[in-house]
Amino acid sequence: MRRNPQVSLLVVDAANPFRYVEVRGRVQEITTQGADAMIDRLAKKYLGVDEYPNRRQGEVRVTYRIVPEKVVPRG
Numbered sequence: 001m002r003r004n005p006q007v008s009l010l011v012v013d014a015a016n017p018f019r020y021v022e023v024r025g026r027v028q029e030i031t032t033q034g035a036d037a038m039i040d041r042l043a044k045k046y047l048g049v050d051e052y053p054n055r056r057q058g059e060v061r062v063t064y065r066i067v068p069e070k071v072v073p074r075g
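Each residue of the sequence shown is one higher than the one before, starting from 1 at the first, in the working numbering.
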């Protein structure tokens, strides 16, 4: 993504694989700042815990900020 910032993100409905949304865009920022806090917020939202439980010693979290250029919904 550093060499080619064009990305596509696809989110599929687990109950209906023919229903999805695709977001196409460019990576605007790549940073490690705030990435640990972000995974903790996601863990709180989706797992109901204050800290992400699967952290491994020495791992480095990275956040990629994407500017959407096109959104394609299906279903």
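Heads up, the beta-carbon is just placed ideally off N, CA and C, and yes, glycines get one too.
How is the beta strand (DSSP E) around residue i delimited, first residue to last?
i	result
R74	63-74
Let me know the secondary structure DSSP gives residue i once reduced to three states.
i	result
R26	strand
D13	strand
Q57	coil
Are residue i and residue j closer than 9 Å when you measure CB to CB?
i	j	result
P53	V23	no
T63	A35	yes
G25	V11	no
V21	I66	no
I39	R3	no
Following the continuous alpha helix (DSSP H) through residue i, name the residue where it begins and the one where it ends.
i	result
Y46	35-47
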